[in-house]
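Position 282 of the sequence shown, counting from 1, maps to 316 under the numbering used here, and the rest follow consecutively.
Glycine is no exception: its CB is placed at the ideal position from the N, C-alpha and C atoms.
See structure below.
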Amino acid sequence: MTDRTVDVVHVSSAHPWTDNRIHYRECVSLVDQGYRVALIACDRESSEPATGVQVIRTPSLPRWKRFTLGTFRAVRLALRTKARVVHLHDPELIWAIPILRSMGRIVIYDAHEDLPVQIQNKRYLHPLVVPVVAILALVLLKVASMSNQIVAATETIARRFPQGKVVVVRNYPPLREEERRSVPVGEREKSVVYLGLVSTDRGADVMVGAAADEKFPAEWRLHIAGEMATPLHRRLEAHPGWRTTEYAGRLAPREARDLLLRARVGLVVLQDTPAYRESLPTKMFEYFAAGVPVVASDFPLWRSIVDRYECGVLVDPTSPEAVAAAIASYASDPVLLERHSRNARRAAVEEYNWNAVVPALRRAYERAFTQSMNG
């Protein structure tokens with residue numbers, strides 16, 4: 035007999051407990067499959083309904099305290115749950131993998147980002163430190179490969195790990211009833227929306243610049259929702275395009291979905307960095323699910339999706355003029371807008387939704403249990 039009350043514990047020292055991929059997709063899917071699931075993650079206020087996941091909230095800490103005190107606290111809490119499976123979500127937790135394995139735990143490491151590329155883009159690192167940290171990243175990848183299984187968010191990330199141990203679980207959104215019943219795109223507000231972290235490398239300056247461009251359609255508004263650093267906020271407020279912009283700050287998931295379902299066009303103009311070039315931005319697929327065509331960065335991977343379904347316009351992500359012109363093409367052609375809206379929704383229903391990747395998550399757990407039983 036055992037006093038274990040949890041089968042699986044997901045652990046993050048960096049993400050909030052409301053994280054969509056961790057909580058509302060992976061954890062909830064495991065609950066649906068009959069697992070008893072706990073989640074250890076950073077505290078954040080939320081009015082989201084209960085999901086059947088046991089949530090253990092930890093204080094949010096400054097970066098360097100998080101790397102030390104935060105990770106030790108999270109691992110200690112994970113051990114207290116006595117869960118057989120420990121599913122880790124942050125590079126700073128990789129050190130615990132051999133320890134957890136030696137204690138008989140089944141360990142799954144969730145690689146959300148391409149770690150070496152991610153480190154190269156950390157602006158807070160001194161240039162002299164970057165090569166050393168890059169070597170450390172390669173060492174961490176080796177240690178991460180000691181997990182029973184690795185869950186990778188993209189094929190590019192998966193190539194960093196032993197192929198017999200890795201499963202790709204793309205971060206596609208779930209399909210929701212309110213999206214299916216949403217108002218036709220041509221009857222929505224004359225607005226273009228961006229949801230997500232607001233930063234320069236995610237195109238904040240370009241989006242606001244597009245709102246000031248002469249090609250930006252009259253009577254349309256730019257809606258931005260997400261966290262933004264104060265210096266950037268102050269700079270954008272002084273931009274002429276801010277007069278056409280409505281900034282909502284960080285919204286609860288339900289509020290963000292409501293804002294999206296009122297919009298006609300979605301923006302994903304991430305800048306051309308190694309990290310973004312091969313990424314699959316979740317927001318783009320959330321736009322698809324809501325029947326919202328996209329104006330997106332012209333990256334080869336993204337082009338293969340948008341062109342195949344004919345559900346958006348690809349642009350130079352550094353050009354406010356190109357972004358404004360793309361929005362104007364939808365404003366002036368309601369037939370194009372409607373067709374791309376239908377195609378975006380079709381792309382979500384046919385391929386880019388969470389239900390399509392749940393079997394891969396299930397397979398990772400089945401492999402991990404099998405490997406554990408075989409020693």
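Considering only their Cβ atoms, is the gap separating residue j from residue i smaller than 8 angstroms?
i	j	result
Ala-259	Leu-293	yes
Ala-398	Val-87	no
Ile-56	Ala-72	no
Val-201	Ala-390	no
Val-227	His-257	yes
Ile-133	Ala-178	no
Asn-182	Ile-142	yes
Phe-319	Tyr-386	yes
Val-340	Val-328	yes
Gly-230	Lys-99	no
Pro-351	Gly-237	yes
Ser-225	Ala-297	yes
Ala-108	Ile-74	yes
Ser-233	Leu-266	yes
Glu-151	Pro-334	Reading the sequence as shown, one finds Val at residue 151 and not Glu. It is not a contact, given that the beta carbons lie outside the stated cut-off.
Leu-304	Ser-338	no
Asp-124	Ala-187	no
Val-219	Leu-371	yes
Thr-190	Glu-312	yes
Glu-400	Asn-377	no
Trp-388	Pro-207	yes
Met-180	Arg-135	yes
Trp-51	Arg-78	yes
Ala-102	Cys-76	Note that residue 102 corresponds to Thr in the displayed sequence, not to Ala. Their beta carbons are not under 8 angstroms apart, which means Thr-102 does not touch Cys-76 by this criterion.
Determine which residues share a DSSP beta bridge with residue i and list them.
i	result
Arg-91	Ala-75
Ala-145	Ala-186
Ile-258	Tyr-228 and Tyr-281
Gly-300	Val-227 and Val-328
Pro-50	Cys-76
His-44	Leu-73 and His-121
Ile-140	Val-119
Taking buried to mean at least 16 other C-beta atoms within 10 Å of its own C-beta, is residue i buried or exposed?
i	result
Ser-375	buried
Met-35	Low confidence applies here, because Met-35 scores a pLDDT of 29, under 50, leaving its location unreliable; read the following figure in that light. So Met-35 counts as exposed.
Asp-148	buried
Thr-425	This structure gives no information on residue 425, because the portion of the chain shown stretches from 35 to 409.
Ala-272	exposed
Leu-172	exposed
Arg-222	buried
Asp-53	buried
Ser-46	buried
Gly-198	exposed
Leu-174	buried
Thr-105	buried
Glu-213	buried
Met-262	buried
Arg-268	exposed
Gly-346	buried
Ser-366	exposed
Gly-126	Here residue 126 is Glu; the residue named in the question, Gly, does not match the sequence. Counting Cβ neighbours within 10 Å, Glu-126 comes out buried, since at least 16 surround it.
Gly-68	exposed
Tyr-64	Tyr is not the amino acid found at residue 64; the sequence shown has Leu there. Classification for Leu-64: buried.
Arg-342	exposed
Glu-60	buried
Could you check whether the Cβ of residue i sits closer than 7 angstroms to any heavy atom belonging to the ligand COA?
i	result
Met-318	The ligand content of the structure shown is nil, which means the ligand COA is not present either.
Examine chain C for any beta-carbon lying closer than 8 angstroms to the beta-carbon of residue i, and answer yes or no.
i	result
Ala-272	Included in the structure is just one protein chain, with no chain C present.
Would you say the region 36-55 touches the region 112-129, given that touching needs at least three Cβ pairs under 8 angstroms? yes
Is the region 378-394 touching the region 319-328, taking contact as three or more C-beta pairs under 8 angstroms? yes
In chain order, which continuous runs of the beta strand (DSSP E) of length 3 or greater are located wholly inside the region 165-253? 183-186, 200-202 and 225-229
Three or more C-beta pairs under 8 angstroms: does that hold for the region 234-248 against the region 262-276? yes
Three CB pairs or more closer than 8 angstroms across the region 282-290 and the region 360-373: no
Kindly provide the ranges of any alpha helix (DSSP H) runs that are 4 or more residues long and lie completely inside the region 312-371, ordered along the chain. 316-323, 334-343 and 354-366
Length at least 4, wholly inside the region 98-135: the alpha helix (DSSP H) runs in chain order: 105-114
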